[in-house]
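The structure appears below as structure tokens.
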Amino acid sequence: MQNHGVRAGQTARLRAAIVISLAVLCASLIGHAPQAQAQAQTDLVWVQIEAHPDLVTAQSRLRVCESRSATMGVAGFMMRTGLYALALGPYPREVAQERLRDLRASGQIHSDSYMQTPKNYTRQFWPIAAQATAPQVIAIEPLPEIAPQDAPEKPSQTPVEPKAAPVTTPQPDALPQQTLALARAGEADLDPAARDDLQRGLLWFGLYDGAIDGVFGAGTRAAMAAWQRRNDWPTTGVLTAAERSDLIAQWQADLGELGLERITDTRAGIAALLPMGYVEFAAYASPFAVFAPTDARGVEVVLISAEGDQARLQSLFEIVTNADIMPEGGLRDMLRGRFDIAASDAARFTTGFARLEGGAIKGLIIRGPAAEYTPIARLMPQIEENFLALEGVLERDTAQSGTSPALNASETEPSPLAQRSGVFVTDTGHVLTHASLPQTCPTLRLNDAIAAREIYRDSALGIVVIAPDTPLTPPDLAEFTAASRMGSAQYIAGFAYEGRVSAATLRPLEDAGPAYPTPSQTELGGPVLDATGGLLGLYRGGAVTPAADITTTLAAAGLPALPRVIREEPLRGETLARLAQAITAKVTCLSR
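So for the sequence shown, the numbering used here puts the first residue at 312; every next one is plus one.
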């Protein structure tokens, strides 16, 4: 019975190897043209070579790629992160890994290209015909059933070409030894970049804390064994081809969710890898370049760029660590020429670093809700490894978003006395905001350009009603939530960074505010929403003006009551962020 079990196990492994080999052969026959498979094929992946924030840029790059033989047949996809990806494939994982390695090694694609799973792509925008034309698929006839057999749960060795000669049954002790030997042989054939990637993958999952040097010593072996145990593979400390592919695919899938991209900010003099699936550039506020959250996950990145010395480095360290948004405890190291921060609690996290070199201070800080800390903490070693200080620093008076009309106006434009956030409450453009807005404003504007006036003020309730001089149709209107579940998530929408951002941002209400070192006054009056997008009240700094007060104010001002809605399910992060931007208005009091 024991020999029969060994034979059955070997037969199953040989059968699996034949199937994989045929799939690889099939892929080589049909070429590298993109195949939008209608059926679910979890073993097929894409080689993502570029990602761009807008469709125009992506289409332009597609034309360039189509002109090069190495990247002909490139496909274009919308990603779940909102980016536009260019990818080659799809291929079986083994083929994709080999093609990725060859193209990177020859310099024909970017070194940070990676394998991407189909689940991270949504709509295919190139080739256009791929949307309507079913792909031609070469069928592979199933092999005859071999019974009885004990099929292994996962492949345990690199697939081998089937031989015409009869299969020789090994002794019971020979098969495990052969599998380990093949795994070691496959590992020895890896190029330096692939060996480094394995260590980076192990580092990403918190299993390895050594140097990325491609040397598989005791630390790497222990990490490999831990990976195998975690994923129910045989624990040998040597990864087979299938296990290596699984590790890299899971790592790259995580990076794909983050939208990791290399950005170069010539104004700040910094090149860095940033999670652009979470953030977008918002404003310069010397010595910071702020990348604000794009959705309800609420992650923020701040680049640090300034002239300075040890004293100013110390000052920046104190600004960051003494801010209300900083969690208690954690790592707070201030050393000669550098500081490092890594702190988290049940609600939030702050992590980052800064370095003083050649009279310039360069660094970055990432912060957000505690739920997002694990992927960011895993990413930090890679971010720090790839962080590059370039020439140039932000001037002390730098304060510009690059998109707001008010900030780009000429020097003859009147200066703002105060700015607040507000919420659209009627289909003719009435806005509610916080009563800290000055009562006597020479000029009032909504969203930087629309002339407006105050029509009602209730100082006791802390609410002001603003009406546009000419009726306007807002993008969307607030709606009261019919019932807020106790303990449910709540969010504040508003114009952070002292009004330098051209669109409202969304963050968890429990945060003290996204600006350094104190909450932004321009957020006051912004809508407070629950996870379903229902309006709970207005933000008044550390507290919320409740919905009952809003109802009273609307009635006193002669405006219709807001409708009430019941949504059973929370909105997706990007949907909630878009709704928040649509119902939030900027209210500006100008000097003349």
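Positions of the beta carbon are idealized from the N, C-alpha and C atoms, including for glycine. Remember, it's a predicted structure, so these values are computed and weren't measured experimentally.
Chain-order list of residues whose beta-carbon lies under 8 Å from that of residue i (same chain, five-residue window excluded)
i	result
G884	D606, A607, R608
P503	G525
M426	V356, W357, V358, Q359, R404, A407, Q408, L411, I559, A560, Q563
T433	F388, M389, M390, R391
Short Cβ contact (7 Å threshold) for residue i with residue j
i	j	result
G733	V898	yes
A534	L518	yes
G528	A536	no
C900	P779	no
G837	I861	no
L757	A896	yes
G619	A552	no
L584	L566	no
S597	L705	yes
L411	I360	no
R649	R666	yes
L873	G844	no
D623	T632	In the sequence as displayed, the identity of residue 623 is Arg instead of Asp. In this structure, T632 does not lie closer than 7 Å to R623 by Cβ.
A688	R659	no
H745	L835	yes
Nearest candidate by alpha-carbon position, reference residue i, set the options
i	options	result
F436	R404, R410, A386	A386
Q539	L690, S556, D524, N633	S556
A866	R768, A842, E639	R768
A789	A593, A700, R889	R889
D576	R623, I652, L699	L699
A654	G670, I766, A760, T685	T685
M645	T428, T531, G663	G663
G512	Q693, Q832, T864, H363	Q693
D413	T433, Y432, L501, T428	L501
P727	A760, N697, L743, V742	A760
R875	G670, P857, L846, T863	L846
A771	T433, V742, G669, P857	P857
Y402	T428, G418, A416	T428
T792	E879, I630, S626	E879
T781	R532, I766, A762	A762
E591	T863, A815, T864, E821	A815
S831	L820, V742, G852, R415	G852
E568	E765, A499, E683	E683
T863	L743, G641, A416	L743
Neighbourhood of residue i by C-beta, 6 Å cutoff - its chain only, sequence neighbours within 5 removed
i	result
L614	A579, I581, A600, L675
R678	E611, T661
P785	F735, G740
A362	L394, A396
D507	I523, G525
M587	G570, E572
R495	V549
C752	C900
E554	W544
Euclidean distance between Cα positions of residue i and residue j
i	j	result
T886	R731	24 Å
A893	D354	41 Å
D656	E409	42 Å
S616	I672	6 Å
I774	G848	11 Å
A603	A729	22 Å
S902	F806	20 Å
A593	A859	34 Å
E695	A369	28 Å
A868	I777	10 Å
H421	Q801	40 Å
V375	G384	12 Å
L870	T737	8 Å
Q346	T754	Any answer about Q346 is weak, because its pLDDT of 38 lies below 50 and its placement is not dependable; what the coordinates show is given next. About 59 Å.
T490	P545	11 Å
K430	E702	40 Å
P487	G400	Note that P487 has pLDDT 38, beneath the 50 cutoff, so the model's placement of it is unreliable and no number is given.
G521	Q510	8 Å
E668	G418	31 Å
D841	Y850	13 Å
R541	F516	10 Å
A505	M637	38 Å
R379	T833	50 Å
E629	N697	25 Å
L627	D787	40 Å
S747	I877	32 Å
Y589	T531	31 Å
Q625	D651	12 Å
Contact set for residue i: own chain, Cβ-Cβ below 7 Å, skip 5 residues either direction
i	result
L373	V385, G387, L397, W437
M691	T662
Exercise for review: List in chain order: all unbroken alpha helix (DSSP H) runs of 4+ residues lying wholly within the segment 863-901.
Suggested key: 884-894
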